[in-house]
Amino acid sequence: MERDRAILDEQIAYYRARAREYDAWWLREGRFDRGDDNNQAWHADARAVEAALAAFLDARKPARALELACGTGLFTRHLAPRVGTLTAVDAAPEVITLNRARLGALPVQPPRYVEADLFAWEPEGTYDLVFMSFWLSHVPAARMDAFWATVRRALAPGGVAYVIDSAHEVTSTAVDHPPPDAQAGVVTRKLDDGSTFRIVKMFWTPAALAARLVPLGFRADLAQTPRYFIYGPVAPEPSG
Ligand SMILES: C[S@@+](CC[C@H](N)C(=O)[O-])C[C@H]1O[C@@H](n2cnc3c(N)ncnc32)[C@H](O)[C@@H]1O
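Residue numbers for the sequence shown follow the working numbering, so the first one is 10 and each next one is one higher.
The structure is reproduced here in structure tokens:
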């Protein structure tokens, strides 16, 4: 598996270098502006996953939550007000700095931040919720079993994971990125200064991901927004 180490390091380097321009993707700004129709569809899908997550958290009220690959806090800001305590992990110190600033401006208990490579990290405790947004698609196929074993170790009895990620849709990426290849596994990404990086990008459909997780002992209850995102809870089978 260490054969993919170079690409995983390049993936971390990409997000470190991208930290300050990262939110343009979510906001559909700059190179991610795909025109009014696509942007409106994106924002409608974004509001839908945010609302679904809020409803899930409000119903479930997790006391201890863990966010994997927290990034600049686009979802940390939705988690923090709805959970008891929050631990947020990311490999890129630059995005943790931005996340800390974003959360610091909100009237919430700040998360505990952990800077770590998730492929070499062990949970320090167990959690009622393990949340990941736009992270699972960066987990190589060969590391899925080990990754979900780590998620299982991080879950307290009765705990649940929650996944949000990219559906395969050509207008999701920047205008100067090649159209996403559903099968490729590795894609090339550009920054505003033109520098390029290779990263892992696995596109899952709700059905394919649910089927992939069955032998790993998880039951996924995933949905898809009209165009851009997949989302939903992933619960360990009691006997798994
Ligand atoms: C697509 S972003 C998602 C960020 C955030 N969850 C969101 O929804 O906006 C992927 C994140 O994974 C982090 N990352 C990349 N490789 C990592 C690794 N090996 N371990 C931990 N985090 C990593 C990046 O720094 C980046 O913040």
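We treat Cβ as the ideally placed atom computed from N, Cα and C, and that holds for glycine.
Buried versus exposed, by CB contacts within 10 Å (16 or more), Leu115: On the sequence shown, residue 115 is found 106 positions in, with the first residue counted as 1. It counts as exposed.
DSSP-derived helix/strand/coil call for Ser175: Residue numbering aside, residue 175 sits at position 166 when the sequence shown is read from its first letter. Strand.
Arg111 vs Arg73 beta-carbon contact at 8 Å: Within the sequence shown, residue 111 is the residue found at index 102, counting from 1. Within the sequence shown, residue 73 is the residue found at index 64, counting from 1. The Cβ atoms of Arg111 and Arg73 do not sit closer than 8 Å to each other.
Ala212 to Asp54 span [Cα, whole Å]: The residue given as residue 212 occupies position 203 in the sequence shown. The residue given as residue 54 occupies position 45 in the sequence shown. Here the sequence assigns Phe to residue 212, which means Ala is not the residue at that position. Roughly 17 Å between the two C-alpha positions.
For Glu124 and Ala22, the rounded distance between their alpha carbons: Numbered from 1 along the sequence shown, position 13 holds the residue referred to as residue 22. Numbered from 1 along the sequence shown, position 115 holds the residue referred to as residue 124. Here the alpha carbon of Ala22 sits roughly 14 Å from the alpha carbon of Glu124.
Phe84 CB to nearest heavy atom of ligand 1 below 7 Å: As a working note, residue 84 is residue 75 in the sequence shown. True, at least one ligand heavy atom lies under 7 Å from that Cβ.
Ser204, buried or exposed, once every other Cβ within 10 Å from all chains shown has been counted against 16: Start at 1 with the first residue of the sequence shown, and residue 204 comes out as number 195. Exposed, by the Cβ-count rule.
Environment of Val184 [buried if 16+ CB atoms lie within 10 Å]: Reading the sequence shown from its first residue, position 175 is the one you call residue 184. In summary, Val184 is exposed, with fewer than 16 beta-carbon neighbours lying within 10 Å of its beta-carbon over all protein chains present.
Heavy atom of ligand 1 within 7 Å of Gly80 beta-carbon: Position 71 of the sequence shown holds residue 80. The beta carbon of Gly80 sits closer than 7 Å to at least one heavy atom of ligand 1.
Neighbourhood of Gly249 by C-beta distance below 6 Å, restricted to the same chain and skipping five residues each side: Looking up residue 249 in the sequence shown gives position 240. The pLDDT assigned to Gly249 is 46, lower than 50, so where the model puts this residue is not dependable, and the model offers no usable value.
Expected contact under 8 Å - CB spacing of Val172 and Met141 to nearest Å: Taking the first residue of the sequence shown as position 1, residue 172 is located at position 163. Taking the first residue of the sequence shown as position 1, residue 141 is located at position 132. So it is a contact: roughly 6 Å between Cβ atoms.
Cutoff 6 Å; reference Arg43; Cβ partners in own chain excluding five residues on either side: If you number the sequence shown from 1, residue 43 lands on position 34. Hits under 6 Å: Thr180.
Cβ pair Thr106, Asp32 closer than 8 Å: Within the sequence shown, residue 106 is the residue found at index 97, counting from 1. Within the sequence shown, residue 32 is the residue found at index 23, counting from 1. No, the Cβ-Cβ distance between Thr106 and Asp32 is not below 8 Å.
CB-CB length for Tyr24 against Ala101, believed under 8 Å: Counting from one through the sequence shown, the residue named residue 24 turns up at place 15. Counting from one through the sequence shown, the residue named residue 101 turns up at place 92. Ala101 and Tyr24 do touch by the CB rule: their CB atoms are close to 5 Å apart, below 8 Å.
Boundaries of the beta strand (DSSP E) in which Pro242 is found, first to last residue: In the sequence shown, the residue the question calls residue 242 occupies position 233. Looking at the DSSP string, the run of the beta strand (DSSP E) that includes Pro242 is Phe238 to Pro245.
Heavy atom of ligand 1 within 7 Å of Tyr24 beta-carbon: Looking up residue 24 in the sequence shown gives position 15. In this structure, ligand 1 has a non-hydrogen atom nearer than 7 Å to the beta-carbon of Tyr24.
Beta-bridge pairing of Ala74 - partner residues as DSSP gives them: Position 65 of the sequence shown, counted from the first residue, corresponds to residue 74. Residue pairing by DSSP places Ala74 opposite Leu95 and Leu138 in a beta bridge.
One or two residues paired with Thr205 in a DSSP bridge: By one-based count along the sequence shown, residue 205 stands at place 196. Per DSSP, Lys199.
Whole-number beta carbon distance between Val196 and Asp210, since they are thought to touch under 8 Å: The residue labelled residue 210 in the question sits at position 201 within the sequence shown. The residue labelled residue 196 in the question sits at position 187 within the sequence shown. Looking at the sequence provided, one finds Lys at residue 210 rather than Asp. Between Lys210 and Val196, the beta carbon gap of about 5 Å places them in contact (Cβ cut-off 8 Å).
Through-space distance from Phe156 to Tyr136, alpha-carbon basis: Here residue 136 refers to the residue found at position 127 when the sequence shown is read from its first residue. Here residue 156 refers to the residue found at position 147 when the sequence shown is read from its first residue. Cα-Cα distance, rounded: 16 Å.
Ala57 to Asp67 span [Cα, whole Å]: Walking along the sequence shown from the start, residue 57 turns up at place 48. Walking along the sequence shown from the start, residue 67 turns up at place 58. Whole-angstrom Cα-Cα distance: 15 Å.
Beta-bridge pairing of Glu59 - partner residues as DSSP gives them: Here residue 59 refers to the residue found at position 50 of the sequence shown. BP columns for Glu59 are empty, so no partner.
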